[in-house]
DNA sequence: ACGTAGCACTCTTGTAAGCTGAGTGCTAAG
DNA sequence: CTTAGCACTCAGCTTACAAGAGTGCTACGT
């Protein structure tokens, strides 16, 4: 049996109706609402064929059909009609990256706000791996008499911490030490520094305040911080009708709370550009009812940042893809 | 009718059993589990009295009793036996503030981590109002050829943003401008700067890069940023049995997502030290089933920071208060 | 050979009725 | 003042039943 044009139309109609209604689609309803030019009985036959092809599922004997993972996949790859964004959305996304700000946290925050407000998605993001970041500068900015802000600048992160100086410390010598340290470490990746920094510092420096300094550097250089998973739009997500029942919403909340799982979900995708993973295509079983559209940003051939739009499998793929595509273009351009 | 000692014991037993079990407490169970020396019938009479006094509620005719808001209040004020913290907790809290870090975001993050892991609470925090912060320094830290990190230091906040410099900008003149600006504005509160900064900058400075600079200053000085509400431990909160039903959990998620509501909840308390607000004592109706223990930190007679432990009314008040009290002591000492 | 009408069958959902268990309130006796 | 006993109440569970939606199959028409 082969997927002729009519079967495609039926599948497409089912996916789109189901996406809109969240209710299984029956043959009669479909015949009534769509002008397919055939009766419900014919549609029933087509549906039976689509089910045999593994493109539709039946929740139970008399409940109408629901797209299977493969059905969604076929829809996304071949049946879906791409949608455009509204003019103002298009421009809004462009405008987001026109500023001169070149800092990851800021770009991520902006992008997430945009994506979260643009649809019923939960948005995930991870920034570039901190261990790949290249140290540029460590500097101390005096605040007042007794306090000083340490600032660590890498190629796409800035970190700071304000500390209290002990009375017996000469600010000038601290500044000089930092300048030396800066010189010595500049151009190294965080990954590399991680090894040598402590030795270096231990060898050349001493005194109480340097405990704080080392602590600060250590904190800044700890990978966990830089790869922090950003999450927003959980209420978009949880307000989907699939989470009407207590068990479901509970499971969903648990999934959300497990940052590591969401991180895997997002990182499961590889490569640059926009990708879709549907249901069981996701690596972990707890995400088998979800789909995710990922945006991978590369830079110099390495993975740089990654965003994800998460929703039940019954997501609006056309819209998610349009958004993702546009954000990818704009962000990729801004960064490269 | 007056609250004699036995009534107090009964109320206390009901509160504690209910806190532990989340199920309404019946007279027979109470007689069996607590050694009150009287029969269930007597307890029934006492319960009826307590209900008449407005200290107990009945969910329905045959469901056992549940403490009313006033019942909880009386329990907290007069019946509850204060508990101590475990030795290691006590020391852990102390240790948290021994470091020399004097930056609000850091202290808040540390404190929240502690509180969230210490019990089944959701933790809220707001830092000091940014508009009261006193500007210390604005400085530019060079990153590489074309980029620069702007750093703004106030007495308890540091903000930064990395921006790309236009080719035609002389980094030295930028640095000079910032130094001038710093000199002019140092010692002013953000609130005051907010008015004058734009005029000042507009009058003395010009050129494309200064748009970014002004934008950065504006962002830093926008009060919303500085008063950002920190939230953690939502899973502690949502895993409480009161949220077993879908509607409840849904409402709770919505409440959490509404940052402004949580902000009001937290800010509803006034004054320094540890306070408890129970159920309807909270200003907003959507929090009438919650209780919050707040920790208010003052500094120089002004409200500085505020933390909140949020849980269903059926919270473990003794533990929450012990934690809050200890954190308050330690933090107050560290800051003042 | 394909499309359609009709019909029997299946299965979920919603509703009503009955039962059970936990708890209360009241009364009378100790 | 306390307690035992008993009638009464009510949420929640179970069962039964009807309604509604949908399917699969068969027979018929083009």
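Residue numbers (the working numbering), protein chains in the order written: chain A, 24 to 359; chain B, 24 to 359.
Beta carbons: idealized from backbone N, C-alpha and C, even for Gly.
- Proximity of residue 181 of chain A to chain B, defined by a Cβ-Cβ separation below 8 Å, is satisfied.
- Residue 296 of chain A sits in a strand when the DSSP states are folded into three classes.
- Here the C-alpha atom of residue 213 of chain A lies approximately 30 Å from the C-alpha atom of residue 238 of chain B.
- Under the Cβ distance rule, residue 198 of chain A does not count among the residues neighbouring chain B, no pair being separated by less than 8 Å.
- Contacts between residue 186 of chain A and chain B, judged by CB atoms closer than 9 Å, involve 122, 123, 124, 125 and 126 in chain order.
- C-alpha of residue 37 of chain A to C-alpha of residue 126 of chain B: approximately 56 Å in a straight line.
- Look at residue 273 of chain A: its C-beta is under 8 Å from a C-beta on chain B.
- Here residue 285 of chain A is not near residue 141 of chain A, since their CB atoms are 8 Å or more apart.
- With respect to chain B, the C-beta atom of residue 268 of chain A has a partner C-beta closer than 8 Å.
- As computed with DSSP, residue 183 of chain A is found in a beta bridge with A/174.
- Counting every other CB atom within 10 Å of its CB across the protein chains shown gives residue 314 of chain B a total of 16 or more, marking it as buried.
- In terms of Cα proximity to residue 176 of chain A, the closest of A/189, A/299 and A/158 is A/158.
- A distance below 8 Å between beta-carbons, with the five flanking residues on each side excluded, links residue 41 of chain A to the following residues of its chain, in chain order: 47, 48, 89, 90 and 337.
- Membership of residue 48 of chain B in any beta strand (DSSP E) is not indicated, and neither H nor E is assigned to it by DSSP.
- For residue 129 of chain A, the chain B residues whose C-beta falls within less than 7 Å of its own C-beta are 184, listed in chain order.
- The Cβ-Cβ distance between residue 62 of chain A and residue 71 of chain A does not fall below 8 Å.
- Exclusion of the five residues before and after residue 302 of chain A leaves 92, 311 and 336 as the residues of its chain whose Cβ lies within less than 6 Å of its Cβ.
- Excluding the 5 residues flanking it on each side, residue 275 of chain A has same chain C-beta neighbours closer than 8 Å at 260, 261 and 266, in chain order.
- Fewer than three beta-carbon pairs drawn from the segment 149 to 167 of chain B and the segment 94 to 104 of chain A are found closer than 8 Å, and the two stretches are therefore not classed as touching.
- Restricting attention to A/76, A/28, A/73 and A/112, the CA atom closest to the CA of residue 353 of chain A is found in A/112.
- Neighbours of residue 261 of chain B across chain A, judged by C-beta separation under 7 Å: 276.
- The closest CA to that of residue 185 of chain B, considering only B/178, B/199, B/165 and B/206, is found on B/165.
- DSSP, read as helix, strand or coil, puts residue 326 of chain B in strand.
- Look at residue 335 of chain A here: in three-state DSSP terms it is strand.
- Counting only Cβ-Cβ distances below 7 Å, residue 165 of chain B has contacts in chain A at 160, in chain order.
- For residue 164 of chain A, the enclosing beta strand (DSSP E) covers residues 158 to 167.
- DSSP places residue 65 of chain B inside the alpha helix (DSSP H), whose first and last residues are 63 to 75.
- Put simply, the backbone Cα of residue 121 of chain A is about 22 Å away from that of residue 147 of chain A.
- If you draw a straight line from the Cα of residue 300 of chain A to the Cα of residue 287 of chain A, it comes to about 13 Å.
- Interface with chain A (8 Å Cβ-Cβ cutoff): residue 170 of chain B is included.
- For the 8 Å CB-CB criterion, residue 316 of chain A and residue 343 of chain A form a contact.
- Secondary structure of residue 317 of chain B (DSSP, three-state): strand.
- For the segment 316 to 334 of chain B, the set of positions with a beta-carbon nearer than 7 Å to some beta-carbon of chain A is empty.
- Of B/323, B/281, B/256 and B/340, the smallest CA-CA separation from residue 297 of chain B is found for B/340.
- Just measuring C-alpha positions, the residue of A/30, A/169, A/269 and A/182 sitting nearest residue 190 of chain A is A/169.
- Contact check for residue 150 of chain B and residue 268 of chain B: beta-carbon distance about 35 Å, past the 8 Å limit, so the pair fails to qualify.
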